[in-house]
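Presented below is the structure to which this report refers.
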Amino acid sequence: MTTQYKIPVSVLVVIHTTALQVLLLERADRPGFWQSVTGSRDADEDLLAHTARREVLEETGLDAANYSLLDWQKTNEYEIYQSWRGRYAPGVTHNTEHVFSLCLPAPLPVTLALREHLRFEWLPWRDAADKVFSWSNAAAIRELPARAAH
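Residue numbers (the numbering used here): 4 to 153.
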């Protein structure tokens, strides 16, 4: 049996409304840790937009094809938390994250992947930026007003 390691390439998808309400999800494996949609690329995915659409559907039940998914052409590199390194091949210590946003007309109900998330909240962008645990997620949310203006 071959071990299937996670690929150290992921997406961050900031889901927001036209009024800049941001959807946050509370991690099931870390209660109190809030984030936007995130997830690693699968081996068979040739485009990161496929990864972004898949992760949005898996984590929220929303079909990104029905809304405006924007690739920011922005990456962040960060050190993988020690507690999560066992998911990756031996020696892998860093991940490259590709940033996307998904604009919805209004806050919508979501269907959570219960193994991954406990709750969701729609918050004004400033409050959302202050609540997320990841520096890259906070930075993306803070950049959202300028991105949405274009």
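Here a beta-carbon is modelled for each residue, glycine too, at the ideal position from N, C-alpha and C.
- Residue nearest to Val25 within the set Ala142, Trp128, Ser137, Gly42 is Trp128 (criterion: CA-CA distance).
- At the C-beta level, Asn140 and Gln76 stay beyond 8 Å of one another.
- Between Thr41 and Leu15, the C-beta spacing is below 8 Å.
- By the C-beta density criterion, Asn69 is exposed, having fewer than 16 other C-beta atoms within 10 angstroms.
- Nearest in C-alpha terms to Gln7, of all of Leu107, Asp45, Leu28, Asp32, is Asp45.
- Here Arg150 has Leu73, Trp75, Ser104 as same chain residues with Cβ atoms under 8 Å from its own Cβ, once five neighbours each way along the sequence are excluded.
- The three-state secondary structure of Gly94, taken from DSSP, is coil.
- For Ser71, the enclosing beta strand (DSSP E) has its first and last residue at 71-82.
- Of the other Cβ atoms in all chains shown, 16 or more fall within 10 Å of the Cβ of Ser13; this residue is therefore buried.
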